[in-house]
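Undergrad: As they're listed, the protein sequences go chains Y and D.
Throughout the first sequence, residue numbering follows the working numbering, covering 14 to 550 in sequence.
Throughout the second sequence, residue numbering follows the working numbering, covering 10 to 346 in sequence.
After the structure tokens below, expect a handful of questions from me.
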Amino acid sequence: MKSLRHASIAFAVALLLVGACGAPTTPGASGSVSPSAGGAASTLVIDQDVSDLISLDPAVVYEFSGVLLAHNVYDTLVRFEGTDLSTIKPGLATSWDTKDAGATLDMTFKLKTGQKFASGNTVTADDVVYSFQRAIKLNKSPAFLFTDIAGLKADSIKASDANTVVISLPKTASPAAFLTILTFTLGGVVDSKEVKTKETGGDSGSAYLLDHSSGSGPYAVDHWTKNTEVLLKTNPNYAGTKPPLSGILVKHVPESTNQQFALEKGDADVARNLSPQQVAALQGKAGVSTTTAASLLLVYVGMNVMKKPLDNVNVREALRTAVDYDGIIRDLLKGNAKKVQGIVPQGLAGANETAPFQADVAKAQALMKQANVDKVTLDFLIPTGQAPGGVAFSDLGAKLQADWAKIGVTVNIKQQPTADLLTTYRAQQGQLVMIYWGPDYPDPDANVGPFTDYKSKSIAYRNGWDDPTWAEAGRKAALITDPGTRAAAYKEITNYVLHNGPYVILYQPTELFGLRSNVKGFNWSSIGWVDFASVTK
Amino acid sequence: MRFVGFLLRRIVGIAFVMIGVSVITFAISHVVPADPAVAALGDHATDAQIAAFRAEYHLDRPLPEQYATYVVGILHGDLGKSIRTRRAVADDLADSFPATLELSFAALLISLLVGIPAGIWSAIYRGRLPDVIVRIAALAGGSLPVFWLGLIVIGLFYYQLGWLPGGGRLDTFMSPPPTRTGLYVVDSVIALDLDALRSSLIHLVLPALTLGYFSTAVIARMTRSSMLEVLGQDYMRTARAKGLAERLIVLRHGLRNALIPTVTVIGLTFGSLLSGAVLTETIFSWPGLGRYATASAISLDFPAVLGVTLLAAIVYPVANLAVDVAYYWLDPRIQRD
């Protein structure tokens, strides 16, 4: 027994020594791009927090990381080009038109010939029908854009010949909004012949498309190592201009300091989640540049009009008037936001540039007096973590608390994880709630609807604000086809909400990116993607 | 034979622990005020989508029924489907657990290789310079926040000096070795892939040092104090009186006895390494269980949280079992009892 124990000790020591010797004694390899792996020079390395990534399937993706990747893998019938969100351009479809077909509005799309999927199969109208019906059948997060916003059913989508798709919209749906929905990843067209061979147990191939691709876009998914990286490689059968970069590697790097280090060392070409302070620190450093892009988010405070005294329009106006918006943008956000006070963000048609509020304490006090409200105490729910634009929600909350204290409004800040906060907010149980909103599709209707229509059970509902006249005006504006008339209608609605609605719109954040200096053409669209095919390095 | 009985009793104990843990975790994860459906579907979801989600995850059923469904699932080897990743929890765990295990083993190895000798050294030179150095280092190890330490070592060894990689498990563009165990070091040895072995080892250094510093400090302090106690024992004096070499006295007579309390600490430490990996994994982009657990908890992904908890509920008692077995082997008195 004793000798056995000695032998075991000897063995353990030996193991430890082997471990020690085997331990890293070869410095120098610094995790840099290994040239032997090939393609490093023509692969864009993006360091990004992709913990939101759950699928690459165009019928499923609705998260930032997934949308960025799927957008570059799947072509859509129509598209926006670059950062412009005002002009719909041809995608797989060369032309389209809308006809009144009596009970419905029929939109006909003519497909470009000669488009090919990565598999080599030709893109046909059947693929479009299959893809859209598949999205409706799977009914995942983005499906409501087809079913609720556009009012589509599976039989609303038909192929009249190999290159023609006819989609019948109910007359309550906006054709303009539907076209913008088609530019989104939900409108991505999958290779029906290939996907059908991958179906298991009636899943419409969603297990396969979770981490594989079957599209006709410039890139195709090479692999997705969970929690680690996704590599896109060029689609060999892509019909358009061959992209300059042969690969796009999105690495999961959750910590922004690591992103900054990797960028400065040249191990990453793009750093996605830098804070305003980090971006400031990168200025003037060799080999590195920074860029900003618009986002479509609005950070706002909802005021529940079911809670007194927030039912009083003057109190709401006083709260809006007392806030130091310029100070928030200048000091807390280091300039990384735009002062936007309307419910439609800049960059979308129908955005209202009017921004009349700025820390006017005297006027706010007068409004409180007019409302006959002296001192008031309210609960103020704010989320944990960082707000869009790179400031802690808690810092924003403290700033607002100080601003409102000046007009006799005391707020008790309650900070909660977003899921907890939303549970309260959705149940109309909040008083003041800070949160942000991004449109589901790049059309003013995607904001005006939720912000004005109580019946849509979205933002207006959560704040108990039921104003049928203006909700109806919003529904009507959505259906207007003439852009000029539509813009005028939205101007009227947004002006009304600006002074009467239950919202303090705080700012529209700017997105920040760190880039290597040699990276060109990284034009971030505020929908949340970049066309990798236009990027060079 | 007595050993087999001892082992069996412990294993039955583990089963009871798991039942208890599953009940408690299930209850806690189902009484949180927030709605997992809202957490999963977010700000934009319609009421209909939320209702469908609640039905899919049986959230609309009474709690005991939900628990029964869950337990039946587990008995069929099904840990359920993650709300956040939409994959089988068992698959997620199989992906992330080996990464954490590898990191924890490396950290433990460092703790033992550094902590035990440092503790002995410190005890022998009690009150003198080596002791002071070890005690200061141990104090620092016990008090430095992991997050800060991690950023400092990355800043120094990756950013400034460029000696070591700043995160991840392998070089960019390097393919992992074929999965056998999920431990890259082991898999690359099996595949005889020297490049992957080198890469996975150098990627382990900084996270393992960061994660292991705290436990190194604990082990060093424990070894020091038990060594000091042992050094004053009669049998040590006897050994010296016999004229044995000091080295032999310390290592053969002293260390063996001093290690017994240290082994207890090692067992506990291993458990805390697994759970303490959360921050380290975030700083070093390490795709492990800690990060999975955090992300799951934040998004109220209760099937994933339950899966992680059950896994931890196995690992802790197994680590303790290993400690008990080590005791059995180190301390003949236990064998007699």
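Glycine included, every Cβ here is placed at the ideal spot set by N, Cα and C.
Since we're looking at a predicted model, the values are computed, not measured.
(1) Helix, strand or coil, according to DSSP, for V217(D) in the structure here?
(2) Pick out whichever of S288(Y), I162(Y) and T334(Y) has its Cα sitting closest to the Cα of A377(Y).
(3) Could you give the DSSP three-state label for G127(Y): helix, strand or coil?
(4) Could you name the residues of the same chain whose beta carbon sits closer than 6 Å to that of L346(Y), not counting the 5 residues immediately before and after it, in chain order?
(5) Measure the alpha-carbon distance for I342(Y) versus E524(Y) and round it to whole angstroms.
(6) Relative to the alpha-carbon of Q296(Y), which residue among L528(Y), G218(Y) and R329(Y) has its alpha-carbon at the smallest distance?
(7) When DSSP labels each residue in this structure, what does F122(Y) get in the three-state scheme?
(8) Taking P267(Y) as the query, report the chain C residues whose CB atoms sit under 8 Å from its CB, ordered along the chain.
(9) Between the region 169-176 of chain Y and the region 234-244 of chain Y, do three or more beta carbon pairs fall short of 8 Å?
(10) Which same chain residues end up closer than 7 Å to L282(D) when comparing Cβ atoms and leaving out the 5 residues on each side of it in sequence?
(11) Going along the region 61-83 of chain Y in order, which residues come within less than 7 Å of chain D, judged by CB to CB distance?
(12) Under 7 Å Cβ-Cβ, which residues of chain Y neighbour H53(D)?
(13) Any C-beta of chain D sitting closer than 8 Å to the C-beta of V58(Y)?
(14) Please list, in chain order, the residues of the region 62-84 of chain D that have any C-beta partner in chain Y closer than 8 Å.
(15) Could one say the Cβ of D56(D) lies closer than 8 Å to chain Y's Cβ atoms, at least one of them?
(16) Distance, Cα to Cα, L192(Y) vs K321(Y)?
(17) May I ask you to list the residues that DSSP assigns as paired with Y516(Y)?
(18) What do you reckon, are the CB atoms on T232(D) and I129(D) nearer than 8 Å?
(19) Do three or more CB pairs link the region 198-212 of chain D to the region 172-182 of chain D at distances below 8 Å?
(20) Helix, strand or coil: which one does DSSP assign to N260(Y)?
(21) So that I know if they touch, is there some Cβ in chain Y lying closer than 8 Å to that of F279(D)?
(22) State the CB to CB distance for the pair D119(Y) and L105(Y), rounded to an integer number of angstroms; the pair is presumed to be in contact (CB under 8 Å).
(23) Rank R96(D), S105(D) and R261(D) by C-alpha distance to the C-alpha of Y301(D) and give the top, closest one.
(24) Quick one, which of A131(Y), Y75(Y), T185(Y) and L66(Y) has its alpha-carbon nearest R488(Y)'s?
(25) Going by the CB atoms, is the gap between N536(Y) and T96(Y) shorter than 8 Å?
(26) Look up H265(Y) in the DSSP assignment and give the residues it is bridged to.
(27) Quick one: Cα of A43(D) to Cα of G398(Y), how far?
(28) Under 8 Å: do the region 479-486 of chain Y and the region 373-388 of chain Y share three or more Cβ pairs, one atom per stretch?
(29) Can the beta-carbon of D282(Y) be found closer than 8 Å to that of L57(Y)?
(30) Measure the C-alpha to C-alpha separation of Y143(Y) and G171(D) and round it to an integer number of angstroms.
(31) According to DSSP, simplified to helix, strand and coil, what is A306(Y)?
(32) Helix, strand or coil for Y449(Y), going by three-state DSSP, please let me know.
(33) Can you find at least 3 beta carbon pairs, one from the region 229-236 of chain Y and one from the region 123-137 of chain Y, that sit closer than 8 Å?
(34) Please state whether the Cβ-Cβ distance between L98(Y) and A83(Y) is less than 8 Å.
(35) On the premise that V80(Y) lies in contact with W542(Y), defined as a C-beta separation below 8 Å, what is that separation, rounded to the nearest angstrom?
(36) Kindly say whether D458(Y), judged by its beta-carbon, lies nearer than 8 Å to any beta-carbon of chain D.
TA: Reading off the structure:
(1) As a first step, residue 217(D) is located in the second sequence; it is residue number 208 there, counting from the start. The question names Val, but residue 217(D) is Ala in the sequence shown. Here A217(D) sits in helix by DSSP.
(2) Position 364 of the first sequence holds residue 377(Y). A377(Y) has its Cα closest to that of T334(Y), out of S288(Y), I162(Y) and T334(Y).
(3) As a first step, residue 127(Y) is located in the first sequence; it is residue number 114 there, counting from the start. DSSP places G127(Y) in coil when its eight states are reduced to three.
(4) Against the first sequence, residue 346(Y) aligns to sequence position 333. Counting only Cβ-Cβ distances below 6 Å, and skipping sequence neighbours, we find G402 and V404.
(5) If you number the first sequence from 1, residue 342(Y) lands on position 329. If you number the first sequence from 1, residue 524(Y) lands on position 511. Going from the Cα of I342(Y) to the Cα of E524(Y) covers about 14 Å.
(6) Stepping through the first sequence from its first residue, residue 296(Y) is reached at position 283. Cα-wise, what sits closest to Q296(Y) is L528(Y).
(7) Here residue 122(Y) refers to the residue found at position 109 when the first sequence is read from its first residue. DSSP places F122(Y) in strand when its eight states are reduced to three.
(8) The structure shown has no chain C; the protein chains it does contain are Y and D.
(9) no
(10) Residue numbering aside, residue 282(D) sits at position 273 when the second sequence is read from its first letter. Cβ within range, chain order: S113, A116, L117, L220 and S224.
(11) S64, I67 and S68
(12) To locate residue 53(D), count along the second sequence from 1; it is residue 44. The answer, in chain order, is D453.
(13) Walking along the first sequence from the start, residue 58(Y) turns up at place 45. Yes, V58(Y) lies at the interface with chain D (some Cβ there is under 8 Å from its Cβ).
(14) none
(15) Here residue 56(D) is taken as the residue at index 47 of the second sequence, counted from 1. Yes, D56(D) counts as interfacial toward chain Y.
(16) Position 179 of the first sequence, counted from the first residue, corresponds to residue 192(Y). Position 308 of the first sequence, counted from the first residue, corresponds to residue 321(Y). The straight-line gap from Cα to Cα measures roughly 42 Å.
(17) Locating residue 516(Y) in the first sequence gives position 503, counting from the first residue. DSSP lists G315(Y) as partners of Y516(Y).
(18) Within the second sequence, the letter at position 223 stands for residue 232(D). Within the second sequence, the letter at position 120 stands for residue 129(D). Going by C-beta atoms, T232(D) is nearer than 8 Å to I129(D).
(19) yes
(20) In the first sequence, counting from the first residue as 1, residue 260(Y) sits at position 247. The question names Asn, but residue 260(Y) is Gly in the sequence shown. The answer is strand: DSSP assigns G260(Y) an E or B state.
(21) The residue you call residue 279(D) lines up with position 270 of the second sequence. Chain Y, which has no Cβ nearer than 8 Å to the Cβ of F279(D), makes this no.
(22) By 1-based counting over the first sequence, the position of residue 119(Y) is 106. By 1-based counting over the first sequence, the position of residue 105(Y) is 92. Not quite, the Cβ-Cβ distance comes to about 19 Å (not below 8 Å), so this is no contact.
(23) In the second sequence, the residue the question calls residue 301(D) occupies position 292. Nearest of R96(D), S105(D) and R261(D) to Y301(D), Cα basis: S105(D).
(24) Position 475 of the first sequence, counted from the first residue, corresponds to residue 488(Y). If we check each option's Cα against that of R488(Y), T185(Y) comes out closest.
(25) Taking the first residue of the first sequence as 1, we reach residue 96(Y) at position 83. Taking the first residue of the first sequence as 1, we reach residue 536(Y) at position 523. Contact flag set, yes.
(26) For the purposes of this step, residue 265(Y) is taken as the residue at position 252 of the first sequence. DSSP lists Q61(Y) as partners of H265(Y).
(27) Looking up residue 43(D) in the second sequence gives position 34. Looking up residue 398(Y) in the first sequence gives position 385. In a straight line, the C-alpha of A43(D) is about 17 Å away from that of G398(Y).
(28) no
(29) Position 269 of the first sequence, counted from the first residue, corresponds to residue 282(Y). Position 44 of the first sequence, counted from the first residue, corresponds to residue 57(Y). Result yes, Cβ atoms of D282(Y) and L57(Y) sit closer than 8 Å.
(30) For the purposes of this step, residue 143(Y) is taken as residue 130 along the first sequence, with counting starting at 1. For the purposes of this step, residue 171(D) is taken as residue 162 along the second sequence, with counting starting at 1. Rounded to whole angstroms, Y143(Y) to G171(D) spans 51 Å at the Cα level.
(31) Sequence index remark: in the first sequence, residue 306(Y) carries index 293 (1-based). Here A306(Y) sits in strand by DSSP.
(32) Locating residue 449(Y) in the first sequence gives position 436, where the first residue counts as 1. Three-state DSSP puts Y449(Y) in a strand.
(33) yes
(34) The count along the first sequence starts at 1 and reaches residue 98(Y) at position 85. The count along the first sequence starts at 1 and reaches residue 83(Y) at position 70. Not a contact, by the Cβ cut-off of 8 Å.
(35) Stepping through the first sequence from its first residue, residue 542(Y) is reached at position 529. Stepping through the first sequence from its first residue, residue 80(Y) is reached at position 67. So it is a contact: roughly 6 Å between Cβ atoms.
(36) As a first step, residue 458(Y) must be located in the first sequence, where it is residue number 445. No, its Cβ sits nowhere closer than 8 Å to a Cβ of chain D.
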